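Chemist: I'd like to ask you about the structure that follows.
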Amino acid sequence: MHALGLSGMAAAYCELANQPEGDLNRDEWLGLMLGREMAVRGDKRLTNRLAIAKLRFPDACIENIDFAAHRALDRRQLLSLGPRRMAQSP
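Counted the way the working numbering counts, the sequence shown spans residues -18 to 71.
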């Protein structure tokens, strides 16, 4: 699986193979392995996008904004952006 670039599936297979409970059927195994591969690829994609963006403050977050400073920021409007996932593709 590593030779095919499926490192997430390979890791999931190793974890599943080493579990003492073997009560999962083939479909469940495949579903878990595919889910892991999708998660690994999504994480890599996000990491690459953040690296390409070269953000000035990569650890900045909306919760740390100082609203006491005199900037023309609307607190309610800015905080409404928080729950959305801006860095991930739709």
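Idealized CB from N, CA, C, for every residue including glycine. Quantities reported herein were computed from a predicted structural model and do not represent experimental measurements.
Which whole-angstrom value is the C-beta distance of LEU60 and ILE43, which I expect to be below 8 Å?
Modeler: Yes, LEU60 and ILE43 are in contact; Cβ-Cβ is about 6 Å, under 8 Å.
Chemist: From the DSSP output, in three-state form, read off GLN58 for me.
Modeler: DSSP places GLN58 in helix when its eight states are reduced to three.
Chemist: Helix or strand or just coil, what does DSSP make of CYS(-5)?
Modeler: DSSP places CYS(-5) in helix when its eight states are reduced to three.
Chemist: With distances taken Cα to Cα, identify the nearest neighbour of MET19 among ARG56, ALA53, GLY(-14), ALA50.
Modeler: Ranking ARG56, ALA53, GLY(-14), ALA50 by Cα distance to MET19 puts GLY(-14) first.
Chemist: In angstroms with no decimal places, state the Cα-to-Cα distance between HIS(-17) and CYS(-5).
Modeler: Those two C-alpha atoms are separated by around 12 Å.
Chemist: Does the Cβ-Cβ distance between ALA41 and ARG17 come in under 8 Å?
Modeler: It is not a contact, given that the beta carbons lie outside the stated cut-off.
Chemist: Are there 16 or more other CB atoms within 10 angstroms of the CB of GLY63, so buried, or fewer, so exposed?
Modeler: With fewer than 16 Cβ atoms within 10 Å of its Cβ, GLY63 is classed as exposed.
Chemist: Whole angstroms is fine: what's the gap from LYS35's alpha carbon to GLY(-11)'s?
Modeler: Approximately 26 Å between the Cα atoms of the pair.
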